[in-house]
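Colleague: Here the sequence shown is numbered in this note's numbering, starting from 369 and rising by one per residue.
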Amino acid sequence: MRLQNKTALITGGSSGIGRESAILFAKEGANVVVVDVNGNGGQETVAMIREKGQQAAYFQADVSKAADCEAMVAFAEKTYGNLHILFNNAGIMHSSDDDAVSTEEDVWDLTMNINVKGVFMGCKYGIPALRRAGGGSIINTASFVAILGAATPQIAYTASKGAVLSMSRELAIIHARENIRVNALCPGPLRTELLMKFLNTEEKKQRRLVHIPMGRFGEAREMAQAALYLASDESSYVTGTEFLVDGGITAAYVTPL
Ligand code: NAD
Numbered sequence: 369m370r371l372q373n374k375t376a377l378i379t380g381g382s383s384g385i386g387r388e389s390a391i392l393f394a395k396e397g398a399n400v401v402v403v404d405v406n407g408n409g410g411q412e413t414v415a416m417i418r419e420k421g422q423q424a425a426y427f428q429a430d431v432s433k434a435a436d437c438e439a440m441v442a443f444a445e446k447t448y449g450n451l452h453i454l455f456n457n458a459g460i461m462h463s464s465d466d467d468a469v470s471t472e473e474d475v476w477d478l479t480m481n482i483n484v485k486g487v488f489m490g491c492k493y494g495i496p497a498l499r500r501a502g503g504g505s506i507i508n509t510a511s512f513v514a515i516l517g518a519a520t521p522q523i524a525y526t527a528s529k530g531a532v533l534s535m536s537r538e539l540a541i542i543h544a545r546e547n548i549r550v551n552a553l554c555p556g557p558l559r560t561e562l563l564m565k566f567l568n569t570e571e572k573k574q575r576r577l578v579h580i581p582m583g584r585f586g587e588a589r590e591m592a593q594a595a596l597y598l599a600s601d602e603s604s605y606v607t608g609t610e611f612l613v614d615g616g617i618t619a620a621y622v623t624p625l
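Here it is, written out as structure tokens:
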């Protein structure tokens, strides 16, 4: 098993990428702390793991709150004795996030607080725990929009993911000699609730699909597989990367017909 004797904390573990990663990490032997604001979804993820006889516990936290982030890390150490893998994955894409002219200040602030400050707070309290464990792996979920611009605007979201990517690079350099690796997972557009709520008509979906060389949205499970690699010792020489899992979007100039 690829994560035997490791403890992993995954934020946004109630659905999508976080849930699939929690299930996969537990299957690979990790003790998993599922963190989310959505208690029902989080408990459901934990139940799905426990019914297979694997290890998981739920902790309710809002990642934009310092006290919650401090408490989630303390919970992981108290419950499982240590923390080796920190997956800062929770994020939002607000339905009123648009271009710079029409996006309201409160949408910007909320997006930045969860998507950027949430990653910072996870690291602020998680890194000392990883040090106590002798090192570990941090995975921060950014996005392909940290690298490419889109004509369907979501200005706050895009800016937030750029921040996650650049923050991850700096963290990787600062902590490289402490046996702590930091990578930004950059998913392409996925068939998860987060994006499908935003692309709520067939026309909007097709407008995106035309840019994906593979001609389909990604699956949360495909992101979990990438996160598993970054979490495990198989990626022991991988740090500071923009780990793109995007169906070829960022490589394409013109896509196949
Ligand atoms: P999702 O909506 O299924 O999952 C996000 C989870 O984060 C939810 O369970 C939600 O309750 C939780 N969450 C939201 N705010 C929180 C907070 N303040 N504190 C704790 N938990 C909170 O979406 P997903 O697609 O699985 O998204 C996971 C990550 O992947 C996000 O960071 C998202 O931006 C990123 N991402 C998604 C896509 C996509 O197309 N779906 C593409 C690129 C990047």
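All C-beta atoms, glycine included, are put in the ideal place defined by N, C-alpha and C.
1. CB Leu451 to CB Leu377, shorter than 8 Å?
2. Could you tell me the boundaries of the alpha helix (DSSP H) in which Gly397 lies?
3. Can you tell me whether DSSP reads Gly586 as helix, strand or coil?
4. For Val345, verify whether its CB is less than 7 Å away from any heavy atom of ligand 1.
5. Counting pairs of Cβ atoms below 8 Å between the stretch 608–618 and the stretch 394–401, do you hit three or more?
6. Look up Pro581 in the DSSP assignment and say whether it is helix, strand or coil.
7. If I follow the unbroken alpha helix (DSSP H) through Ala503, where does it start and stop?
8. Could you tell me if Ile569 is buried or exposed, where buried requires 16 or more neighbouring beta carbons within 10 angstroms of its beta carbon?
9. When DSSP labels each residue in this structure, what does Thr609 get in the three-state scheme?
10. Please give me, in chain order, every unbroken run of the beta strand (DSSP E) with length at least 3 that falls completely inside the stretch 394–434.
11. Among the residues of its own chain, which have a CB less than 7 Å from the CB of Arg576, if the five just before and after it don't count?
12. Apart from the five residues just before and just after Phe585, which ones in its own chain have a Cβ nearer than 6 Å to its Cβ?
13. Quick one: residues in its chain with C-beta nearer than 8 Å to the C-beta of Ala391, no 5 flanking neighbours on either side, listed in chain order?
14. Ignore the nearest five residues each way along the sequence and tell me which others in Ala405's own chain have a CB closer than 6 Å to its CB.
15. May I ask which residues mark the beginning and end of the beta strand (DSSP E) holding Ile453?
16. From Leu596 to Ala588, what distance separates their C-alpha atoms?
17. Grouping DSSP H, G and I as helix and E and B as strand, with all else coil, what is Arg370?
18. Using a threshold of 8 Å, state whether the C-beta atoms of Leu553 and Thr618 are closer than that.
19. Using C-beta distances below 6 Å, list every residue in its chain close to Gln428, excluding the 5 sequence neighbours before and after it, in chain order.
20. Taking the alpha carbon of Ala527 as the reference point, which residue from Thr520, Ala514, Ala519 has its own alpha carbon closest?
21. Terminal residues of the continuous beta strand (DSSP E) containing Ala376?
Modeller: Taking the coordinates as given:
1. Yes; because the gap between Cβ atoms is below 8 Å, this pair is in contact.
2. Gly397 -> no alpha helix (DSSP H), and no H or E assigned at all.
3. Of the three classes helix, strand and coil, the one that applies to Gly586 here is strand, per DSSP.
4. The displayed coordinates of the chain run from 369 to 625. Any statement about residue 345 would go beyond what the structure contains.
5. Taking a cut-off of 8 Å for Cβ pairs, the stretch 608–618 and the stretch 394–401 do not touch, as fewer than three such pairs fall below it.
6. Pro581 falls in the coil class under three-state DSSP.
7. Note on identity: in this sequence residue 503 is Gly, with Ala being the wrong assignment. No alpha helix (DSSP H) holds Gly503; DSSP gives it neither H nor E.
8. Residue identity check: residue 569 is Thr in the sequence provided, not Ile. So Thr569 ends up on the exposed side.
9. Thr609 falls in the coil class under three-state DSSP.
10. As far as the stretch 394–434 is concerned, its whole beta strand (DSSP E) runs of at least 3 residues are 399–404, 424–428.
11. Within the same chain, Arg576 has close Cβ partners Pro557, Leu567.
12. Counting only Cβ-Cβ distances below 6 Å, and skipping sequence neighbours, we find Pro557, Leu558, Arg559.
13. For clarity, residue 391 is Ile in the given sequence; the question names Ala instead. Short of 8 Å from the beta carbon of Ile391, and not among the five residues preceding or following it, lie these beta carbons of its own chain, in chain order: Thr413, Met416, Ile417, Ala592.
14. The question names Ala, but residue 405 in the sequence shown is Val. Taken in chain order, the residues that qualify are Asp430.
15. From DSSP, the beta strand (DSSP E) with Ile453 extends over 453–456.
16. Whole-angstrom Cα-Cα distance: 12 Å.
17. Arg370 falls in the coil class under three-state DSSP.
18. Thr618 is positioned such that its CB atom lies no closer than 8 Å to that of Leu553.
19. Only Gly407 meet the Cβ criterion.
20. Nearest option by C-alpha distance: Ala514.
21. Unbroken beta strand (DSSP E) run through Ala376: 375–379.
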